[in-house]
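Report on the structure given below.
Residue numbers (my numbering): 3 to 115.
Given below as structure tokens:
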């Protein structure tokens, strides 16, 4: 009986940790309004960009969540033509966010802590 209890507890913990990750489609949807600024087509960071990033920041519960968001954003940047790091780096400051890692298309997401 003890073995069954611990097995069930282990499976439950796996389910919880699996749900804790933030899917890339959510990250992409929240970050999409930032693209016009990141490619230099908008003079300022759109309010929708900041609100989407703030929602993402509020969903972070662990370092792994940060890494997942970073990986999603990094993968997403590869499909955006004209993306410029000089604009990406300005977004956290403009949105008054401390993301805890350098915002760049070349960031190493595995070094986030």
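Heads up, the beta-carbon is just placed ideally off N, CA and C, and yes, glycines get one too.
Is residue 109 buried or exposed, if buried means 16 or more other CB atoms sit within 10 Å of its CB? Along the chain shown, one-based indexing puts residue 109 at 107. Per the 10 Å Cβ criterion, buried.
Please classify residue 65 as buried or exposed, where buried requires at least 16 neighbouring CB atoms within 10 angstroms. Taking the chain shown and counting its residues from 1, the one referred to as residue 65 is at position 63. It counts as exposed.
Measuring straight from C-alpha to C-alpha, what distance separates residue 72 and residue 46? For the purposes of this step, residue 72 is taken as residue 70 along the chain shown, with counting starting at 1. For the purposes of this step, residue 46 is taken as residue 44 along the chain shown, with counting starting at 1. If you take the alpha carbons of residue 72 and residue 46, they lie about 22 Å apart.
Whole-angstrom distance between residue 68 and residue 100, CA atom to CA atom: The sequence position of residue 100 within the chain shown is 98, counting from 1. The sequence position of residue 68 within the chain shown is 66, counting from 1. Distance between the alpha carbons of residue 100 and residue 68 is about 12 Å.
With residue 60 as the anchor, note down where its alpha helix (DSSP H) starts and where it stops. As a first step, residue 60 must be located in the chain shown, where it is residue number 58. Note, residue 60: alpha helix (DSSP H), 49-61.
Inter-residue CB distance, residue 93 and residue 51 (contact presumed, cutoff 8 Å): Translated into positions along the chain shown, residue 93 becomes position 91. Translated into positions along the chain shown, residue 51 becomes position 49. Right, the Cβ-Cβ distance comes to about 7 Å (below 8 Å), so this counts as a contact.
Spatial neighbours of residue 104 within its chain, please: C-beta separation below 8 Å, excluding the five flanking residues on both sides. What you label residue 104 is simply residue 102 of the chain shown in a count that begins at 1. Hits under 8 Å: 91.
Return the chain-ordered list of same chain residues with a C-beta closer than 8 Å to the C-beta of residue 82, the five sequence neighbours on each side being excluded. For this step, residue 82 is matched to residue 80 along the chain shown. Only 37, 40 and 41 meet the Cβ criterion.
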